[in-house]
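Asker: So the protein lines, in turn, are chains A and B. Counting from 1, position 557 in the first sequence corresponds to residue 557 in this note's numbering; the numbering is continuous, with no gaps. Counting from 1, position 62 in the second sequence corresponds to residue 698 in this note's numbering; the numbering is continuous, with no gaps. Every residue gets a Cβ at the ideal spot worked out from N, C-alpha and C, and that includes glycine.
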Amino acid sequence: MPSRTLLTGNEALALGALHAGARVITGYPGTPSTGAIESLLAAAPPGVHVEWSTNEKVALEIAAGAAWAGQRALCTMKMSGLNVASDSLYSVAYSGVIGGLVVYVADDPGVSAGMCEQDSRGFALLADLPLLDPSSVAEAYQFVRLAFDLSEAVGTPVMVRLVTAIAHASAPVEVGEPAPFLEREPQLLRDIARFTKAGAAICMQQHRDLIARLEKAGEWIRQAGLNSLQITAAAGGIRHPKLGIIAGGVVSAYLEEGLEMAARFSLDPRSVSTLRVRAPHPFPSEEVRALLRHVDAVVVLEELEPHLERGVYVEAHRLGFTGRIVGKLDGTLERVGEYDVRHVVRGIAAALDLPVPPDLFAATTEAERLAAPRPITVCPGCPHRGTFLAINRAIRRAGYKRDQVMVTGDIGCTILGMNPPFDTVWNEVAMGASIGLAQGYVHAGVRTPVIATIGDSTFFHAGIPALINAVQHAVPLTVIIMDNGWTAMTGMQVNPGTAEDFQPPGGRRVDIAQLVPALGVEHFFVVDPFDLDGTTAVIQQALALPGVKVILSRQECAIQAQRRGRRAGVVRVVPENCNLCKLCITLTGCPAIDLGAEAVVIDPALCYGCGLCAQVCNRGALIHTSVAQAARPVAG
Amino acid sequence: MLDIFLIGVGGQGLLTIGEVIADAAVALDLPVCFYPYKGMAQRGGLVKAQLRLGRSAVGPNIPPRGANLVIAMEVSEALRAIRALRPGGEFLLFGERWLPTAVMLGKAAYPALETVLEQVRAAGGHPVYLSPDSLPAGLPANLFVLGAAVGRTRLGNVLPAAAVEEAIRRRWPRDPERNLTAFRAGHSISI
Numbered sequence: 001m002p003s004r005t006l007l008t009g010n011e012a013l014a015l016g017a018l019h020a021g022a023r024v025i026t027g028y029p030g031t032p033s034t035g036a037i038e039s040l041l042a043a044a045p046p047g048v049h050v051e052w053s054t055n056e057k058v059a060l061e062i063a064a065g066a067a068w069a070g071q072r073a074l075c076t077m078k079m080s081g082l083n084v085a086s087d088s089l090y091s092v093a094y095s096g097v098i099g100g101l102v103v104y105v106a107d108d109p110g111v112s113a114g115m116c117e118q119d120s121r122g123f124a125l126l127a128d129l130p131l132l133d134p135s136s137v138a139e140a141y142q143f144v145r146l147a148f149d150l151s152e153a154v155g156t157p158v159m160v161r162l163v164t165a166i167a168h169a170s171a172p173v174e175v176g177e178p179a180p181f182l183e184r185e186p187q188l189l190r191d192i193a194r195f196t197k198a199g200a201a202i203c204m205q206q207h208r209d210l211i212a213r214l215e216k217a218g219e220w221i222r223q224a225g226l227n228s229l230q231i232t233a234a235a236g237g238i239r240h241p242k243l244g245i246i247a248g249g250v251v252s253a254y255l256e257e258g259l260e261m262a263a264r265f266s267l268d269p270r271s272v273s274t275l276r277v278r279a280p281h282p283f284p285s286e287e288v289r290a291l292l293r294h295v296d297a298v299v300v301l302e303e304l305e306p307h308l309e310r311g312v313y314v315e316a317h318r319l320g321f322t323g324r325i326v327g328k329l330d331g332t333l334e335r336v337g338e339y340d341v342r343h344v345v346r347g348i349a350a351a352l353d354l355p356v357p358p359d360l361f362a363a364t365t366e367a368e369r370l371a372a373p374r375p376i377t378v379c380p381g382c383p384h385r386g387t388f389l390a391i392n393r394a395i396r397r398a399g400y401k402r403d404q405v406m407v408t409g410d411i412g413c414t415i416l417g418m419n420p421p422f423d424t425v426w427n428e429v430a431m432g433a434s435i436g437l438a439q440g441y442v443h444a445g446v447r448t449p450v451i452a453t454i455g456d457s458t459f460f461h462a463g464i465p466a467l468i469n470a471v472q473h474a475v476p477l478t479v480i481i482m483d484n485g486w487t488a489m490t491g492m493q494v495n496p497g498t499a500e501d502f503q504p505p506g507g508r509r510v511d512i513a514q515l516v517p518a519l520g521v522e523h524f525f526v527v528d529p530f531d532l533d534g535t536t537a538v539i540q541q542a543l544a545l546p547g548v549k550v551i552l553s554r555q556e557c558a559i560q561a562q563r564r565g566r567r568a569g570v571v572r573v574v575p576e577n578c579n580l581c582k583l584c585i586t587l588t589g590c591p592a593i594d595l596g597a598e599a600v601v602i603d604p605a606l607c608y609g610c611g612l613c614a615q616v617c618n619r620g621a622l623i624h625t626s627v628a629q630a631a632r633p634v635a636g
Numbered sequence: 637m638l639d640i641f642l643i644g645v646g647g648q649g650l651l652t653i654g655e656v657i658a659d660a661a662v663a664l665d666l667p668v669c670f671y672p673y674k675g676m677a678q679r680g681g682l683v684k685a686q687l688r689l690g691r692s693a694v695g696p697n698i699p700p701r702g703a704n705l706v707i708a709m710e711v712s713e714a715l716r717a718i719r720a721l722r723p724g725g726e727f728l729l730f731g732e733r734w735l736p737t738a739v740m741l742g743k744a745a746y747p748a749l750e751t752v753l754e755q756v757r758a759a760g761g762h763p764v765y766l767s768p769d770s771l772p773a774g775l776p777a778n779l780f781v782l783g784a785a786v787g788r789t790r791l792g793n794v795l796p797a798a799a800v801e802e803a804i805r806r807r808w809p810r811d812p813e814r815n816l817t818a819f820r821a822g823h824s825i826s827i
């Protein structure tokens, strides 16, 4: 029996895939897409293989293999991950699929997770793949089920795109009956003309087939009515010409609110026809033409790039439509950030010259300027704190100024080294990019040492090929792998380097400490970032050595360790030694240290006992006892 | 229709309040959309969320000057929610302070409580101030603030306290008492 349940967009999408009979589900963590696989791993559905893969390209290839063997498969990623997976995605698109293959990608307009405002609808265009763009959490559930049906009806991978405002939002979802479990025997189909790219004739035929599948998908989408056109009967007139609104994905959820609001400024909602586009690719030409034939002016509302709007111009040209087209290309609306009801009202007002007061939504930002700045930093007990402090010290002790030594950065928690109090890391590009970037700086002729920093999951994801490149070309470089044992920033996912206990049943841990020497790295060191002097000395030594040096700075993420009741030690304040110089706070920025009236105070609820504060204190005001020492019987 | 903007810092349990309200709304068959902003959420970092109650077809974002109710749990962060407040709306401020490191070091200023309340009034809002001193010892602040929101703001017109208590029981089925006590303490407080 259908039931109404509060779900996030990610949960709704994952449940929809499960109910559609997906048998293989793969992905790589990336906000805002992470929650989909997280919810499935928590549910552990029997008979379904769910995994976090090494990277998105691997994840897609696994899902494609399963679909080629006839099973239904889902692959999940954020938009940055789609870039990684795209090489295989284009190729798989040419071959088509046997079992349904759905690629879920989450875009992040408004940048809640600090990456590009990439519009993945453009990927569908490049890859000639149908793309569904649900406008609500409830539709995320329905549409992923439809996507599997479409995929198998046409024999093509289908993309489903959610934006953060749907992926992270929760709303009631009508959950339907699961499809009967698809007990399919895997099939082995040998078809060189379809599953290889051997020769121009084969590839061009695949290209023709791909285009034909896309057209067929367009027809399927039209029949399913995924793009809903509502033409009003009311006449327009000179005062109020007939208006058409085309809204893409989540933006169509704001139409009702926008029309109500515009009605306060003399809009007659009965004169408005709407086209809600929830399947933007292939372009819904017929529906757009039907709308254009009926209206005098049209507003196109979509977040990010003007994908739909450009298509509307094409159809307008073909029809000889001479009315106004309001959107991004005429300068009314922006290509940056999330949309809300403001954009609906602004579009309508521009199309109809409605007297909307310019200050309708103009909120003052004066109050915000009075708020205290709150830059994010690493958590209490974070091992990266020790690594950043050690890098900064080693650079100075090696005789350089901080602005003379390039420290490239990577994705994940390690990028927090860009912020105060460390200010260690200089740049951030993509997963694994720090090691390649660093080589570029060396080849550019930089004569001071170049350091690359990278996290463990990122190293597995895309850092290894770059390190191999450095070894092959003997690039003088210090790579610091900051290994906290988890894919931490996205919420603690297991990666190949996570401890054996947390690996999937029968799975094995891949130890970075064994991997790096196997890559031909001659100078390899393993350090404990909670040992500030030791880590500093090793980095300083490495900076002076020739060739590729790799330092593995290893200590488990404190958040995860604390969840299992672990602590590194205990820090005690000796108030009579503290002169409130604040050096411990200035250098470590640790949120567990507070200022008391006469001495600093350690918050025992926050302190992990890493002891870095005690190591930077030069007055003996902080005493650290490690767990191992604390466990020892006190002598005498 | 009630649009609520929530703001605070990571570790206060702000998103939990939003989830409890959303769950209570679903049980009452009241349309709801809850949109948390997690960003790179961590203890002590900015957390905000938007709750839209009572409209079935609704986008997750509340426009600037659109929220009838703001629930703020940190004095300085409250300033970042003033742009969301609708003139005539209510602004529940729990006066806890989480000092950023730069403030502790004397390198950045921290706003005075009165400044925040003045800004709320200047935006046409009605401040409802809840002192951290009124929180009974040992009880979770977030459920206390939720209680005050139901007892002292228009949220109570939409969600009866009994419905929220049911949602609290569903959320902590094994041991709801501590959270219920905090909720009731907030609900019965006179501000």
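Quick check: what's the CA-CA separation for Asn778 (chain B) versus Ile825 (chain B)?
Answerer: The residue labelled residue 778 (chain B) in the question sits at position 142 within the second sequence. The residue labelled residue 825 (chain B) in the question sits at position 189 within the second sequence. Cα to Cα, the separation comes out at about 14 Å.
Asker: With Val706 (chain B) and Arg688 (chain B) assumed to form a contact (beta carbons below 8 Å), what rounded beta-carbon distance in angstroms separates them?
Answerer: What you label residue 706 (chain B) is simply residue 70 of the second sequence in a count that begins at 1. What you label residue 688 (chain B) is simply residue 52 of the second sequence in a count that begins at 1. With 8 Å as the limit, Val706 (chain B) and Arg688 (chain B) do not qualify as a contact, their Cβ atoms being about 14 Å apart.
Asker: What are the boundary residues of the alpha helix (DSSP H) that includes Cys613 (chain A)?
Answerer: Counting from 1 along the first sequence, the entry for residue 613 (chain A) is found at position 613. Start and end: 612 to 616.
Asker: Compute the Euclidean distance between the alpha carbons of Leu606 (chain A) and Lys674 (chain B), then round it to the nearest angstrom.
Answerer: Numbered from 1 along the first sequence, position 606 holds the residue referred to as residue 606 (chain A). Numbered from 1 along the second sequence, position 38 holds the residue referred to as residue 674 (chain B). Cα to Cα, the separation comes out at about 21 Å.
Asker: Counting only beta-carbon atoms, is Ile246 (chain A) nearer than 7 Å to chain B?
Answerer: Indexing the first sequence from 1 puts residue 246 (chain A) at position 246. No, no contact with chain B.
Asker: Give a yes or no on contact between the region 142 to 154 of chain A and the region 37 to 50 of chain A, applying the rule of three or more CB pairs nearer than 8 Å.
Answerer: Cβ pair count under 8 Å is below three, so no.
Asker: Does the separation of the CB atoms of Val739 (chain B) and Leu638 (chain B) fall below 7 Å?
Answerer: Looking up residue 739 (chain B) in the second sequence gives position 103. Looking up residue 638 (chain B) in the second sequence gives position 2. No, Cβ-Cβ distance for Val739 (chain B) and Leu638 (chain B) is not below 7 Å.
Asker: Which value, in whole angstroms, describes the spacing of the CA atoms of Ala635 (chain A) and Cys610 (chain A)?
Answerer: Residue 635 (chain A) sits at position 635 when you count from the first residue of the first sequence. Residue 610 (chain A) sits at position 610 when you count from the first residue of the first sequence. In this predicted model, Ala635 (chain A) has a pLDDT of only 41, less than 50, meaning its place in the structure is not dependable; the value taken from the coordinates is given anyway. Near 24 Å, if we compare the C-alpha coordinates of Cys610 (chain A) and Ala635 (chain A).
Asker: Of all Cβ atoms in chain B, is any one closer than 7 Å to the Cβ of Ala488 (chain A)?
Answerer: Stepping through the first sequence from its first residue, residue 488 (chain A) is reached at position 488. Output row for Ala488 (chain A): interface = no.
Asker: Note the first and the last residue of the continuous beta strand (DSSP E) segment covering Phe641 (chain B).
Answerer: Your numbering for residue 641 (chain B) matches position 5 in the second sequence. Start and end: 638 to 645.
Asker: Which residues of chain A have a Cβ atom closer than 8 Å to the Cβ of Met740 (chain B), listed in chain order?
Answerer: For the purposes of this step, residue 740 (chain B) is taken as the residue at position 104 of the second sequence. Under the 8 Å cutoff, chain A gives Lys582, Ile585, Asp594, Leu595.
Asker: Anything in the region 745 to 766 of chain B with a Cβ closer than 9 Å to a Cβ of chain A? List those residues in chain order, please.
Answerer: Residues passing the 9 Å Cβ filter: Ala745, Tyr746, Pro747, Thr751, Val752, Gln755, Val756, Ala758, Ala759.
Asker: Could you tell me which residues DSSP pairs with Ser170 (chain A) in its beta bridges?
Answerer: As a first step, residue 170 (chain A) is located in the first sequence; it is residue number 170 there, counting from the start. For Ser170 (chain A), which the question treats as bridged, DSSP gives the partners A:Thr8, B:Phe670.
Asker: How far does the alpha helix (DSSP H) with Trp734 (chain B) in it extend, from its first residue to its last?
Answerer: Taking the second sequence and counting its residues from 1, the one referred to as residue 734 (chain B) is at position 98. No alpha helix (DSSP H) holds Trp734 (chain B); DSSP gives it neither H nor E.
Asker: Using the beta-carbon count (16 or more within 10 Å), is Thr274 (chain A) buried or exposed?
Answerer: To locate residue 274 (chain A), count along the first sequence from 1; it is residue 274. With 16 or more other Cβ atoms within 10 Å, it is buried.
Asker: Taking only runs that begin and end inside the region 478 to 532 of chain A, name each unbroken beta strand (DSSP E) of 3 or more residues, in chain order.
Answerer: 523 to 527, all fully within the region 478 to 532 of chain A.
Asker: Could you tell me which whole alpha helix (DSSP H) segments of length 4 or greater appear in the region 102 to 188 of chain A?
Answerer: For the region 102 to 188 of chain A, whole alpha helix (DSSP H) runs of length 4 or above, ordered along the chain, are 121 to 127, 137 to 154, 164 to 167.
Asker: Taking the Cβ atom as the reference point for each residue, do Thr478 (chain A) and Ile454 (chain A) lie within a distance shorter than 7 Å?
Answerer: Locating residue 478 (chain A) in the first sequence gives position 478, counting from the first residue. Locating residue 454 (chain A) in the first sequence gives position 454, counting from the first residue. The answer is no: Cβ separation not under 7 Å.
Asker: Please list the partners that Ser770 (chain B) has in chain A, where partner means a Cβ-to-Cβ separation under 9 Å.
Answerer: Taking the second sequence and counting its residues from 1, the one referred to as residue 770 (chain B) is at position 134. Per Cβ cutoff of 9 Å: no residues; Ser770 (chain B) is ~22 Å from chain A at best.
Asker: Based on Cα-Cα distance, which residue from A:Ser252, A:Pro32, A:Cys581 lies nearest to Pro134 (chain A)?
Answerer: Here residue 134 (chain A) refers to the residue found at position 134 when the first sequence is read from its first residue. Considering only alpha carbons, the answer is A:Ser252.
Asker: If I follow the unbroken alpha helix (DSSP H) through Arg369 (chain A), where does it start and stop?
Answerer: Taking the first sequence and counting its residues from 1, the one referred to as residue 369 (chain A) is at position 369. Residues 366 to 369.
Asker: Which residue from A:Phe143, A:Asp87, A:Ala138, A:Tyr94 puts its Cα closest to that of Tyr104 (chain A)?
Answerer: Taking the first residue of the first sequence as position 1, residue 104 (chain A) is located at position 104. Taking only the C-alpha atoms, the option nearest Tyr104 (chain A) is A:Phe143.
Asker: Under a CB-based cut-off of 7 Å, is Pro664 (chain A) close to chain B?
Answerer: Any answer about residue 664 (chain A) is impossible in this case: the structure gives chain A only from 1 up to 636.
Asker: Quick check on the DSSP output: the alpha helix (DSSP H) that includes Cys557 (chain A) runs from which residue to which?
Answerer: On the first sequence, residue 557 (chain A) is found 557 positions in, with the first residue counted as 1. First-last for Cys557 (chain A): undefined, no H or E at that position.
Asker: Would you mind working out which of A:Ala140, A:Lys78, A:Ala474, A:Arg402 sits nearest Glu174 (chain A), comparing C-alpha positions?
Answerer: Locating residue 174 (chain A) in the first sequence gives position 174, counting from the first residue. Of the candidates A:Ala140, A:Lys78, A:Ala474, A:Arg402, the one whose C-alpha sits nearest the C-alpha of Glu174 (chain A) is A:Ala140.
Asker: Below 8 Å on the Cβ atoms is my contact criterion, and I expect Val764 (chain B) with Glu726 (chain B) to pass it. Report the Cβ-Cβ distance as a whole number of Å.
Answerer: If you number the second sequence from 1, residue 764 (chain B) lands on position 128. If you number the second sequence from 1, residue 726 (chain B) lands on position 90. Their Cβ separation, rounded to whole angstroms, is 6 Å, which keeps Val764 (chain B) and Glu726 (chain B) in contact under 8 Å.
Asker: Unbroken alpha helix (DSSP H) runs of length 4 or more, entirely within the region 796 to 826 of chain B: which are they?
Answerer: Within the region 796 to 826 of chain B, the complete alpha helix (DSSP H) runs of at least 4 residues are 797 to 807, 813 to 823.
Asker: Quick check on His294 (chain A) - is its C-beta less than 7 Å from some C-beta in chain B?
Answerer: Sequence index remark: in the first sequence, residue 294 (chain A) carries index 294 (1-based). By this cut-off, His294 (chain A) is not an interface position.
Asker: Mind checking whether the beta-carbon of Val521 (chain A) lies closer than 6 Å to any heavy atom of the ligand MG?
Answerer: The ligand MG is not part of this structure, which contains no ligands at all.
Asker: Using only the alpha-carbon positions, how far apart do Gly822 (chain B) and Gly649 (chain B) sit?
Answerer: Start at 1 with the first residue of the second sequence, and residue 822 (chain B) comes out as number 186. Start at 1 with the first residue of the second sequence, and residue 649 (chain B) comes out as number 13. Straight-line Cα distance between these residues: approximately 15 Å.
Asker: Using a Cβ cut-off of 8 Å, which residues of the region 689 to 703 of chain B contact any Cβ in chain A, in chain order?
Answerer: So the list reads Arg691, Ala693, Val694, Gly695, Pro696, Asn697, Ile698, Pro699, Pro700, Arg701, Gly702, given in the order they occur along the chain.
Asker: Tell me which same chain residues have a C-beta within less than 6 Å of the C-beta of Ala744 (chain B), skipping the five on either side of it?
Answerer: The sequence position of residue 744 (chain B) within the second sequence is 108, counting from 1. Within the same chain, Ala744 (chain B) has close Cβ partners Ala738.
Asker: By the 10 Å Cβ neighbour count, where 16 or more other Cβ atoms means buried, how is Pro633 (chain A) classified, buried or exposed?
Answerer: Taking the first sequence and counting its residues from 1, one reaches residue 633 (chain A) at position 633. Unreliable positioning characterises Pro633 (chain A) in this predicted model, as indicated by a pLDDT of 45, which lies under 50. The coordinate reading is nonetheless provided below. Pro633 (chain A) comes out exposed.
Asker: Does any residue of chain B bring its CB to less than 7 Å from the CB of Ala635 (chain A)?
Answerer: Taking the first residue of the first sequence as 1, we reach residue 635 (chain A) at position 635. Only weak support is given to the placement of Ala635 (chain A): the predicted model assigns it a pLDDT of 41, under 50, and the question is left unresolved by the model.
Asker: Just verifying my parser: in three-state terms, what is the DSSP assignment at Ala22 (chain A)?
Answerer: Stepping through the first sequence from its first residue, residue 22 (chain A) is reached at position 22. Three-state result, Ala22 (chain A): coil.
Asker: Would you check if the region 86 to 104 of chain A and the region 322 to 329 of chain A touch, i.e. whether three or more CB-CB distances between them fall below 8 Å?
Answerer: As far as the Cβ criterion goes, the region 322 to 329 of chain A does not touch the region 86 to 104 of chain A, which means the pair count is below three.
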